[in-house]
Amino acid sequence: MLTIKSPIFRYLLRNAFLQHISKKNLMNHFQIPLLLSLVALPAFAQDEIRDQFNPVRTAVTSQSIAPDARAGGMGDVGVATDPDVHSQYWNPAKYPFTISRAGFAINYTPWLRKLTTGIALLDAAGYIRLGDYQALSASLRYFTLGEVQAEENMSVKPYELGVDVAYSRMLSEKFSAAVALRYIYSDISGHYDDSSEPGSAFAADIAMYYNTYVMMGQRECQLAWGLNINNIGSKISYGDDRSFFIPTNLRLGLSYMIPLNEYNRISFSADVNKLLVPSMPLQRPDETDEDYQQRLDDEYYNKSSISGIFTSFGDSERGFKGEMEELQWSIGAEYVYNEKFVLRAGYHHESKMQGNRKYATVGAGFRMNVLSVDAGYVIATAPSNPLDQTLRVSLAFDFDGIRDLLGRRR
Numbered sequence: 001m002l003t004i005k006s007p008i009f010r011y012l013l014r015n016a017f018l019q020h021i022s023k024k025n026l027m028n029h030f031q032i033p034l035l036l037s038l039v040a041l042p043a044f045a046q047d048e049i050r051d052q053f054n055p056v057r058t059a060v061t062s063q064s065i066a067p068d069a070r071a072g073g074m075g076d077v078g079v080a081t082d083p084d085v086h087s088q089y090w091n092p093a094k095y096p097f098t099i100s101r102a103g104f105a106i107n108y109t110p111w112l113r114k115l116t117t118g119i120a121l122l123d124a125a126g127y128i129r130l131g132d133y134q135a136l137s138a139s140l141r142y143f144t145l146g147e148v149q150a151e152e153n154m155s156v157k158p159y160e161l162g163v164d165v166a167y168s169r170m171l172s173e174k175f176s177a178a179v180a181l182r183y184i185y186s187d188i189s190g191h192y193d194d195s196s197e198p199g200s201a202f203a204a205d206i207a208m209y210y211n212t213y214v215m216m217g218q219r220e221c222q223l224a225w226g227l228n229i230n231n232i233g234s235k236i237s238y239g240d241d242r243s244f245f246i247p248t249n250l251r252l253g254l255s256y257m258i259p260l261n262e263y264n265r266i267s268f269s270a271d272v273n274k275l276l277v278p279s280m281p282l283q284r285p286d287e288t289d290e291d292y293q294q295r296l297d298d299e300y301y302n303k304s305s306i307s308g309i310f311t312s313f314g315d316s317e318r319g320f321k322g323e324m325e326e327l328q329w330s331i332g333a334e335y336v337y338n339e340k341f342v343l344r345a346g347y348h349h350e351s352k353m354q355g356n357r358k359y360a361t362v363g364a365g366f367r368m369n370v371l372s373v374d375a376g377y378v379i380a381t382a383p384s385n386p387l388d389q390t391l392r393v394s395l396a397f398d399f400d401g402i403r404d405l406l407g408r409r410r
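Position 165, counted from 1, in the sequence shown is what my numbering calls 165; the numbers after and before it change by one each time, with no gaps.
Shown next, in the form of C-alpha cells:
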C-alpha cells in the first residue's frame, strides 16, 4: 500500500506539475493523476530543473499507457501494424481491414511493479464489422491506484476511467479513416475532503490508415502507414480555479511486412509520438513568485486546448532542440510462424529532458482459431526506471472462430 508519507510517494510526487503543494489539500498530492502517470523521471538539482528540465505535463496520463501485450512487446508501436482487436487505442481506422468480422479482448497491466503493488490498468476492447467497408468499435479503460493511506485509520482508492466508441470506414481499397469519441473520468483524491472533486473531460480521435503491397524481389510485401490524433477535447478540472490539459497526442507510424516463405513472416514497425500540449513557462530569474503565478494563469492554465495544440509546436524554452526532445519514438519487430506462434521485440525512446523513459521490450503470443494469448515484458535501459519488469497480458477472442467452432458441433 502507498502512503502519503512514504519515500516512494514523495519520489513520485516530486515532479507533479502544480507549483504549490498544500499540506491541507490532498488534491494537490494527487496532481498529474497521481504521480505524473507514474513514470520514471530523473533527479535534478533545483537550479537544473529551472534551467533545463521542463517536461510536457498533462492530467489523466493513464490515457497514455499502452494497454495491450502485442504493442507492449514491440516497444509500444501500433499505429500502422497489422489490424487486430487492439486497434481501438492505436488506430481505429484499421478495423475495416481486419480478417475476422468481430473480436473482443481484455488486457491487464500491473503498473510500477518495482515500487509497489495494487496499481494496475485494466482494458477491454471490441469491434464488429458492418459489411465489407465499415466497422464499429469500443473500449473501456480502468486505471486503479490501489489503496492509498491518507491518515491513520483512513484510506482512499483513487482511479481513472475512460470509455470510447469509434466508427471507421474504408474510403478506397487501400485507405480508411475513423473518428472516435471518448469520455474520461478521474477521481484522484478519493473524495478525501470537500475542497476537491472528480474531474471529467470529453475528447475525440481522428485516425487514418493506408495499406498497400509492394514487390521486393520475388516477395509481395505489405507496406502500411498510419496516423492518429487522439484526445482532442476539453481540459479537466478538479474543483479549483485551474484546469489542466489532457494528453492530446499525434502519432505517426510505418510498418513493413516481409513473407519469408509459406509459414514464416516478419514485420518491422516504427512510431513517432508528440504530445500536442503546450510546455509550462519557466520562472524568469527576475520574476517574483506572485508575478510568475499570474503569468502561468494567463499564458498556460487559461489557454484553451485547441490553442494549446497549435502553440505546442514552438513553445519550448529550449527552442528547436527542445521541440525535438518532445518527440518519442518506438521501433518493433514481429515474427510469426504458421499464423500461430509469435515472437516480438522492440525499443522505446524518450528524451532525458522529457522523462527519460528508455526501455527494450520482448513478447510472445500463441494464436488459435477461437482465441489468442499474448504477453509483453519491459526491460529498462535507463537507471532507476520503475517501468522495469512491467508485464502485460492480453486475451483476445475471434468471433468468426467461435462461430465456426459452434457450427461444427451442431
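Glycine is no exception: its CB is placed at the ideal position from the N, C-alpha and C atoms.
Endpoints, beta strand (DSSP E) assigned at residue i
{"i": "Trp225", "result": "Arg219 to Gly233"}
{"i": "Met154", "result": "Met154 to Val156"}
{"i": "Gly322", "result": "Run containing Gly322: none in the beta strand (DSSP E); it sits in the alpha helix (DSSP H), Gly319 to Glu325."}
{"i": "Phe397", "result": "Leu391 to Asp398"}
{"i": "Arg129", "result": "Ala120 to Leu130"}
{"i": "Val373", "result": "Leu371 to Ala380"}
For residue i, the residue or residues it bridges with in DSSP
{"i": "Ala345", "result": "Ala333 and Val362"}
{"i": "Met74", "result": "Per DSSP, none; premise fails for Met74."}
{"i": "Tyr256", "result": "Leu223 and Phe268"}
{"i": "Ala204", "result": "Leu181 and Ile232"}
{"i": "Gly146", "result": "None; Gly146 has no bridge partner."}
{"i": "Leu115", "result": "Its beta-bridge partners do not exist; DSSP assigns none."}
{"i": "Ala138", "result": "Gly126 and Val165"}
{"i": "Asn356", "result": "According to DSSP, which records beta bridges pairwise, Asn356 is partnered with nothing at all."}
{"i": "Tyr238", "result": "Answer is none; Tyr238 lacks a bridge partner."}
{"i": "Gly199", "result": "Ser186"}
{"i": "Val214", "result": "Cys221"}
{"i": "Phe53", "result": "BP columns for Phe53 are empty, so no partner."}
{"i": "Thr249", "result": "It should be noted that the sequence gives Asn, not Thr, for residue 249. DSSP output for Asn249 lists Asn230 and Leu275 as bridge partner(s)."}
{"i": "Tyr209", "result": "Ser176 and Gly226"}
{"i": "Ser243", "result": "Ser237"}
{"i": "Arg367", "result": "Ser372"}
{"i": "Gln328", "result": "Asn273"}
Boundaries of the alpha helix (DSSP H) in which residue i is found, first to last residue
{"i": "Tyr167", "result": "From DSSP, Tyr167 is part of no alpha helix (DSSP H) but of the beta strand (DSSP E) over Tyr159 to Met170."}
{"i": "Tyr292", "result": "Asp289 to Leu296"}
{"i": "Ile309", "result": "Ser305 to Thr311"}
{"i": "Phe104", "result": "No alpha helix (DSSP H) holds Phe104; the beta strand (DSSP E) holding it covers Ala102 to Pro110."}
{"i": "Ser87", "result": "Ser87 to Trp90"}
Distance between beta carbons of residue j and residue i, contact taken as under 8 Å
{"i": "Val414", "j": "Ala396", "result": "Any property of residue 414 remains undetermined from this structure, which presents the chain solely from 1 to 410."}
{"i": "Thr58", "j": "Val277", "result": "5 Å"}
{"i": "Glu220", "j": "Pro259", "result": "7 Å"}
{"i": "Phe366", "j": "Phe341", "result": "6 Å"}
{"i": "Ser168", "j": "Pro96", "result": "5 Å"}
{"i": "Ala93", "j": "Tyr127", "result": "Their Cβ separation, rounded to whole angstroms, is 12 Å, which puts Ala93 and Tyr127 out of contact at 8 Å."}
{"i": "Gln222", "j": "Asn211", "result": "7 Å"}
{"i": "Asp205", "j": "Ala224", "result": "The Cβ separation is near 18 Å, so there is no contact."}
{"i": "Ser243", "j": "Tyr301", "result": "7 Å"}
{"i": "Tyr159", "j": "Asp187", "result": "6 Å"}
{"i": "Ala120", "j": "Ala105", "result": "Going by Cβ atoms, the distance from Ala120 to Ala105 rounds to 16 Å, so no, they are not a contact pair."}
Residue i beta carbon near the ligand MN (any heavy atom closer than 7 Å)
{"i": "Ile232", "result": "The ligand MN is absent from the structure shown, which contains no ligand whatsoever."}
Interface flag, residue i vs chain D, CB-CB below 8 Å
{"i": "Pro158", "result": "As a matter of chain content, chain D is missing from the structure shown, which is built from one protein chain."}
Taking contact to mean at least 3 C-beta pairs separated by less than 8 Å, is the segment 233-243 in contact with the segment 195-212? Output reads yes: the segment 195-212 touches the segment 233-243.
Taking contact to mean 3 or more Cβ pairs, one atom from each stretch, closer than 8 Å, check whether the segment 55-75 and the segment 370-383 are in contact. Contact between the segment 55-75 and the segment 370-383 is present, because at least three Cβ pairs lie under 8 Å.
Three Cβ pairs or more, each shorter than 8 Å: is that satisfied between the segment 318-329 and the segment 345-360? Segments in contact, yes.
Say whether the segment 290-299 touches the segment 259-269, bearing in mind that this needs 3 or more beta-carbon pairs closer than 8 Å, one atom from each stretch. Because the criterion of three Cβ pairs below 8 Å is not met, the segment 290-299 and the segment 259-269 do not touch.
With a threshold of 8 Å, are at least 3 pairs of Cβ atoms found where one atom belongs to the segment 331-340 and the other to the segment 301-315? Judged by Cβ distances under 8 Å, the segment 331-340 makes no contact with the segment 301-315, as fewer than three pairs qualify.
Three or more C-beta pairs below 8 Å linking the segment 111-121 and the segment 380-395: Counting Cβ pairs under 8 Å, three or more are found: they touch.
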